[in-house]
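I have placed the structure first, in the form of structure tokens, so that the comments after it can refer back to it.
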Amino acid sequence: MIKVGLTGGIGSGKTTISNMFKELGVPVYIADDAGKELMNTSAEIRQKIIQLLGEESYQNDQPNRPFIASKVFQDKNLLEKLNAIIHPAVAQHFREWFAAQSSAYIVYEAAILFEKGSYKDFDYSILVTAPKETRIQRVLKRDHTSREQIEARMNNQWSDEKKEKLADFVIKNEEIEESKKQVIHLNEIILKSAKNS
Numbered sequence: 003m004i005k006v007g008l009t010g011g012i013g014s015g016k017t018t019i020s021n022m023f024k025e026l027g028v029p030v031y032i033a034d035d036a037g038k039e040l041m042n043t044s045a046e047i048r049q050k051i052i053q054l055l056g057e058e059s060y061q062n063d064q065p066n067r068p069f070i071a072s073k074v075f076q077d078k079n080l081l082e083k084l085n086a087i088i089h090p091a092v093a094q095h096f097r098e099w100f101a102a103q104s105s106a107y108i109v110y111e112a113a114i115l116f117e118k119g120s121y122k123d124f125d126y127s128i129l130v131t132a133p134k135e136t137r138i139q140r141v142l143k144r145d146h147t148s149r150e151q152i153e154a155r156m157n158n159q160w161s162d163e164k165k166e167k168l169a170d171f172v173i174k175n176e177e178i179e180e181s182k183k184q185v186i187h188l189n190e191i192i193l194k195s196a197k198n199s
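Residue numbers for the sequence shown follow this note's numbering, beginning at 3 and rising by one.
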């Protein structure tokens, strides 16, 4: 079974593209959702996050996301430590999920694929891009956050130019219908590759 990694910067529309693959019947694993779920359900992860960031990290047994974000997006070191808690748990969860699939290929969506070299674990990698202003407007609508906070998060991420050098495919995600065509085309390429492997 072919593994396809899918990534893109904040506001690029990764999840929109993932949903297009789902509509084609491709199983999609969303690493960020799995991470959030594990933060909610794993006592071990909760304990480690509280040790790292303090009691305020959880309220009423739920992660205090605004508090956690305010801490880690100001401090790269803390962000790395938080990722070191969550990423291994997500990787294990993904392995179990992957073992239960039976399609020609799966898509694994993650915010970070190239930065830590994990793209090497996949047969193909797809980068979703969109113009900076489009991305900012999308996130403003979605997250009710400020432009400054969005730009701070963008500055924490690699540039699209840097990621494009490593990606096998790039989907330019501006117009929905155009994006759908690109996804259908990629689906055909990957299915053909799966048949030949």
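Beta carbons: idealized from backbone N, C-alpha and C, even for Gly. All of these numbers come straight from a predicted model, not from anything done at the bench.
Tell me which residue opens and which closes the beta strand (DSSP E) that phenylalanine 124 is part of.
Here phenylalanine 124 belongs to no beta strand (DSSP E), and DSSP marks it neither H nor E.
Nearest to serine 104 by alpha carbon, out of Val30, Asn62 and Asn42?
The option with the nearest alpha carbon to serine 104 is Val30.
Compare the C-alpha of glutamate 135 against each of Ile4, Gln76, Gly15 and Ser127 and name the closest.
Checking every option, the nearest Cα to that of glutamate 135 belongs to Gly15.
Which residues mark the beginning and the end of the alpha helix (DSSP H) in which glutamate 39 is found?
Its alpha helix (DSSP H) spans residues 33-43.
Under a Cβ-count criterion, where at least 16 other Cβ atoms within 10 Å of its own Cβ denotes burial, should glycine 27 be classed as buried or exposed?
Its Cβ having fewer than 16 others within 10 Å, glycine 27 is exposed.
Rounded to the nearest angstrom, what separates threonine 43 and serine 148 at their Cα positions?
In a straight line, the C-alpha of threonine 43 is about 30 Å away from that of serine 148.
Which of the three DSSP states, helix, strand or coil, is assigned to lysine 183?
Reduced to three states, the DSSP call for lysine 183 is helix.
Determine whether the beta carbon atoms of phenylalanine 100 and lysine 5 lie at a separation below 9 Å.
A contact, by the Cβ cut-off of 9 Å.
Kindly provide the ranges of any alpha helix (DSSP H) runs that are 4 or more residues long and lie completely inside the segment 70-146, ordered along the chain.
Correct list: 78-101 and 134-145.
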